[in-house]
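Visitor: Just so we're aligned, residue 1 is where the sequence shown starts under the UniProt record's numbering, counting upward by one.
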Amino acid sequence: MSTGGGGERRSIRGLFKFADRVDVVLMALGTLGAIGDGCSTNLLLIFASDVMNSLGRGHAQQQGSATSVHFMHDIEKSCLNFVYLAFAILVVASMEGYCWSRTSERQVLRIRHLYLEAILRQEVAFFDSQEATTSEIINSISKDASLIQEVLSEKVPLFLMHSTVFVSGLAFSTYFSWRLALVSYPLVLLLIIPGLIYGKYLLYLSRESRREYAKANSLVEQALGSIKTVYSFTAEKGIIQRYTAILDKTINLGIKQGIAKGLAVGFTGLSFAIWAFLAWYGSRLVMYHHESGGRIYASGISFVLVQIPWNGTPGAETFH
């Protein structure tokens with residue numbers, strides 16, 4: 001897919017160009033499921049904060065029969081809310097997975113049919129060209145279609161879910177405790193910047209690796225295509241050395257990619273430092289501003305969850 005400006009927008013629109021009305025309905029339902037899946041953890045924190053507040057009040061209250069009954073009623077109500085939420089998550093997550101998988105199969109099947117029809121309409125001279133070899137045609141109809149299916153069935157719903165996690169995390173953090181959220185907002189950069197840098201660097205390494213492998217494949221193809229000339233000039237060792245040099249570059253790129261992944265995982269430890277700060281400031285809000293402990297806890301967790309979409313999602317290079 002193209003990466004430049006308007007070309008990228010055209011490519012993204014072209015990804016869904018083969019969808020019919022049924023696919024549009026499936027994608028709409030799958031999008032709703034992905035949004036619900038992304039909001040699920042923050043919705044769970046609403047009930048978790050109620051449980052924590054009920055436990056705190058129950059410990060502080062005297063052990064009378066009336067207060068005990070009221071305390072147990074609150075706990076039972078919160079537990080039932082967890083059960084209802086579990087069934088709701090089951091529905092939306094299943095809807096997300098099924099709808100996007102189903103529409104990806106339908107669209108890719110349609111793409112394969114149209115691709116084969118377009119190939120069969122070509123003149124005989126087209127198949128004699130170097131760009132339209134049998135292997136190239138088979139590779140395009142299988143590899144490219146499989147890549148599109150992977151994007152539609154996995155990458156798109158993951159992108160929608162992670163986007164929802166990011167937006168809902170900030171929204172729910174503000175809902176639970178706006179004072180703690182105001183202090184937390186400047187810390188968003190510490191969660192986002194490492195992930196963005198890692199993502200950009202990973203895409204750069206992926207492009208370089210594909211470029212080097214393309215050089216290696218081209219060298220092998222040229223050598224096998226003129227194998228008699230290679231043997232007549234005894235150039236086997238030279239070709240092997242050139243091929244090995246290209247593969248050595250890919251090894252170095254793989255090492256750099258591993259180091260980048262390690263640093264990205266290490267930077268996720270910043271969330272613990274941020275959580276420590278939020279816990280300290282949240283305790284002051286509980287003591288001096290009469291905030292409830294459960295809502296402070298939920299606000300902090302919602303904010304820390306914001307980092308999930310920026311942790312260098314595997315497979316991001318698929319979109320480029």
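Just so it is clear, CB atoms sit at the ideal spot from N, CA and C, and this is done for glycine as well. Fair warning: this is a prediction, and the values are worked out from it, not measured in the lab.
#1: What is the DSSP secondary structure of Q257, reduced to helix, strand or coil?
#2: Taking the CB atoms as reference points, tell me whether F71 and S49 lie closer together than 8 Å.
#3: State whether the region 169-189 contacts the region 216-236, with contact taken as three or more CB pairs (one from each stretch) at a distance under 8 Å.
#4: Among G238, S184 and I251, which has the Cα closest to the Cα of A273?
#5: Say whether the region 292-308 touches the region 38-52, bearing in mind that this needs 3 or more beta-carbon pairs closer than 8 Å, one atom from each stretch.
#6: Quick one: what does DSSP say E317 is sitting in, helix, strand or coil?
#7: Using the beta-carbon count (16 or more within 10 Å), is L114 buried or exposed?
#8: Below 8 Å between beta carbons: does that hold for P194 and F267?
#9: Evaluate the contact criterion for the region 19-32 versus the region 98-112: three or more CB pairs, one atom per stretch, below 8 Å.
#10: Taking all protein chains shown into account, decide if Y288 is buried (16 or more other Cβ within 10 angstroms of its Cβ) or exposed.
#11: Inspect the beta-carbon positions of A223 and I246 and report whether they are closer than 8 Å.
#12: Give the secondary structure of T250 by DSSP, where H, G and I count as helix, E and B as strand, and everything else as coil.
#13: Quick one: is S283 near chain C, going by C-beta distance under 8 Å?
#14: Which of helix, strand or coil does DSSP assign to D20?
#15: Below 7 Å CB to CB, which residues in the same chain sit around V306 once its five sequence neighbours on both sides are set aside?
#16: Alpha carbon to alpha carbon, how far is V304 from S271? Give it in angstroms, no decimals.
#17: Mark Y84 as exposed unless 16 or more other C-beta atoms lie within 10 angstroms of its C-beta, in which case mark it buried.
#18: Quick one: what does DSSP say E8 is sitting in, helix, strand or coil?
#19: Could you give the DSSP three-state label for G269: helix, strand or coil?
#20: Would you call the CB atoms of F176 and S302 closer than 8 Å?
#21: Got a sec, what are the start and stop residues for the alpha helix (DSSP H) S177 sits in?
#22: Let me know if S173 comes out buried or exposed under the rule of 16 or more other beta-carbons within 10 Å of its beta-carbon.
#23: Going by alpha carbons, who is nearest to A214 out of Y243, L158 and T229?
Guide: According to the data block:
#1: Here Q257 sits in helix by DSSP.
#2: The Cβ atoms of F71 and S49 do not sit closer than 8 Å to each other.
#3: No, the region 169-189 is not in contact with the region 216-236.
#4: Checked all of G238, S184 and I251; the closest Cα to A273 is S184.
#5: As far as the Cβ criterion goes, the region 292-308 touches the region 38-52, which means the pair count is three or higher.
#6: In this predicted model, E317 has a pLDDT of only 43, less than 50, meaning its place in the structure is not dependable enough to derive any value.
#7: Exposed: under 16 other Cβ atoms inside 10 Å.
#8: Against a cut-off of 8 Å, the Cβ pair of F267 and P194 comes out as a contact.
#9: The count of Cβ pairs closer than 8 Å, one atom from the region 19-32 and one from the region 98-112, reaches three, so the stretches are in contact.
#10: Under this definition Y288 is an exposed residue.
#11: Contact flag unset, no.
#12: T250: helix per DSSP, three-state reduction.
#13: Although the question refers to chain C, the structure presented lacks it and comprises just one protein chain.
#14: In this structure, D20 counts as coil in the three-state DSSP scheme.
#15: Taken in chain order, the residues that qualify are F166, G169, L170, V188 and L191.
#16: C-alpha separation (whole angstroms): 6 Å.
#17: Classification of Y84: exposed, given that the 10 Å Cβ count is below 16.
#18: Residue placement at E8 is flagged as unreliable, the pLDDT there being 46, under the threshold of 50; a coordinate-derived value is accordingly withheld.
#19: DSSP places G269 outside both helix and strand once states are collapsed to three, so it counts as coil.
#20: With a cutoff of 8 Å on beta-carbon distance, F176 and S302 are scored as near each other.
#21: From DSSP, S177 is part of no alpha helix (DSSP H); its letter is neither H nor E.
#22: With 16 or more Cβ atoms within 10 Å of its Cβ, S173 is classed as buried.
#23: In this structure, Y243 is the residue among Y243, L158 and T229 with its C-alpha nearest to the C-alpha of A214.
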